[in-house]
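Chemist: In this note's numbering, the protein residues as written are 502 to 739. Glycine included, every Cβ here is placed at the ideal spot set by N, Cα and C. I have a structure here, written as structure tokens, and I will follow up with some questions on it.
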């Protein structure tokens, strides 16, 4: 890890701590992190940066657990199990914290492109792409008028409905590495289409990530389609 990468990790840890401090005293934050309250005070107020080891522990360990808890507190489900995560996908500052935590805890390799599906996945895709300094691309259910060449993936769902996603062919080059992300994974059908687009582009999958998994079915389906890491920030029982 070079000096710039170390500094980035330390600043990410401070951002996570500041988010956690919004609803906690320093003593409560110390209990969550296992770090002395006096040190936490100095980190949160910008007087000093945590060591690299402490920063990694915050981002990779405490950060994932606490961000998952924060995510769950913002998400609602109705009686039929439909998920409303609008309080999360519209909060870019929260998603900017999720990106490094997901990258560190799930050990994704740096992608050239972050691929998602329009529309709810776009804000998460942007956050992940910004963290990795990668391009972001999103597949849509309709073709853009001015684009001449598309990568197309089509699937007939169990309900009998046919779902098709289109991505401009110029969005992913052959041989590039791609991280597939989405706000929600339930059946895994959307992720299968996105993975098929990566395959049709002759590119390489480096991971599949979702903010929320509604049950294990979608994660299992994605794991069966790639050897790359697959994970979600939190999982709800269906």
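Would you give the residue range spanned by the beta strand (DSSP E) that residue 607 belongs to?
Modeler: Residue 607 -> not in any beta strand (DSSP E); alpha helix (DSSP H) instead, spanning 593-607.
Chemist: Under 7 Å Cβ to Cβ from residue 670, same chain only, skipping five residues before and after it: list those, please.
Modeler: 650, 651 and 652, listed in sequence order.
Chemist: Counting beta carbon pairs with one atom in the segment 544-561 and one in the segment 616-630, are three or more of them shorter than 8 Å?
Modeler: The segment 616-630 is not in contact with the segment 544-561.
Chemist: Could you pull out every unbroken beta strand (DSSP E) segment of at least 3 residues lying fully inside the segment 620-686, listed in chain order?
Modeler: Counting whole runs of 3 or more residues, the segment 620-686 contains the beta strand (DSSP E) stretches 636-640, 651-657, 663-669 and 678-686.
Chemist: Starting from residue 731, follow the beta strand (DSSP E) in both directions and report where the run begins and ends.
Modeler: Unbroken beta strand (DSSP E) run through residue 731: 731-737.
Chemist: DSSP beta-bridge partners for residue 725?
Modeler: According to DSSP, which records beta bridges pairwise, residue 725 is partnered with nothing at all.
Chemist: Please report the distance separating the alpha-carbon of residue 655 from that of residue 711.
Modeler: Computed Cα separation, rounded: 21 Å.
Chemist: Taking 7 Å as the threshold (C-beta atoms), are residue 560 and residue 601 in contact?
Modeler: For residue 601 and residue 560, yes; Cβs fall inside 7 Å.
Chemist: Determine, using beta-carbon pairs with one atom in the segment 701-711 and one in the segment 672-683, whether at least three such pairs fall under 8 Å.
Modeler: Segments in contact, yes.
Chemist: Which same chain residues, not among the five before or five after residue 589, have their C-beta less than 7 Å away from its C-beta?
Modeler: The answer, listed in chain order, is 572, 575, 576, 595 and 712.
Chemist: Taking buried to mean at least 16 other C-beta atoms within 10 Å of its own C-beta, is residue 567 buried or exposed?
Modeler: Burial call: buried.
Chemist: Taking the CB atoms as reference points, tell me whether residue 618 and residue 640 lie closer together than 7 Å.
Modeler: Cβ distance < 7 Å, so residue 618 and residue 640 count as in contact.
Chemist: Tell me the residue span of the alpha helix (DSSP H) that contains residue 553.
Modeler: Per DSSP, residue 553 belongs to the alpha helix (DSSP H) from 553-557.
Chemist: Could you give the distance in angstroms between the alpha-carbon of residue 508 and the alpha-carbon of residue 526?
Modeler: Looking at the two C-alpha atoms, the distance is approximately 26 Å.
Chemist: Using DSSP's beta-bridge definition, name the partner residues of residue 718.
Modeler: In DSSP, residue 718 forms no bridge with anything.
Chemist: Would you check if the distance between the CB atom of residue 708 and the CB atom of residue 686 is smaller than 7 Å?
Modeler: No, the Cβ-Cβ distance between residue 708 and residue 686 is not below 7 Å.
Chemist: Could you spell out the range, first to last residue, of the beta strand (DSSP E) harbouring residue 614?
Modeler: 614-618 is the extent of the beta strand (DSSP E) around residue 614.
Chemist: Looking at the structure shown, is residue 524 part of a helix, part of a strand, or coil, going by DSSP?
Modeler: Reduced to three states, the DSSP call for residue 524 is coil.
Chemist: Can you tell me where the alpha helix (DSSP H) with residue 587 in it begins and where it stops?
Modeler: Note, residue 587: alpha helix (DSSP H), 587-590.
Chemist: Are the CB atoms of residue 624 and residue 593 within a distance shorter than 7 Å?
Modeler: Yes.
Chemist: Taking the CB atoms as reference points, tell me whether residue 521 and residue 556 lie closer together than 7 Å.
Modeler: Taking 7 Å as the Cβ cut-off, residue 521 and residue 556 do not qualify as a contacting pair.
Chemist: Quick check on the burial criterion: 16 or more other C-beta atoms within 10 angstroms. Buried or exposed for residue 549?
Modeler: Exposed.
Chemist: What are the boundary residues of the alpha helix (DSSP H) that includes residue 545?
Modeler: Per DSSP, residue 545 belongs to the alpha helix (DSSP H) from 538-545.
Chemist: Just curious, the alpha helix (DSSP H) that residue 550 is in, first and last residue?
Modeler: Careful: residue 550 lies outside any alpha helix (DSSP H) and carries neither H nor E.
Chemist: With C-beta atoms as the reference, is residue 730 less than 7 Å away from residue 540?
Modeler: No; because the gap between Cβ atoms is not below 7 Å, this pair is not in contact.
Chemist: Would you identify the three-state DSSP class for residue 704, choosing helix, strand or coil?
Modeler: Here residue 704 sits in coil by DSSP.
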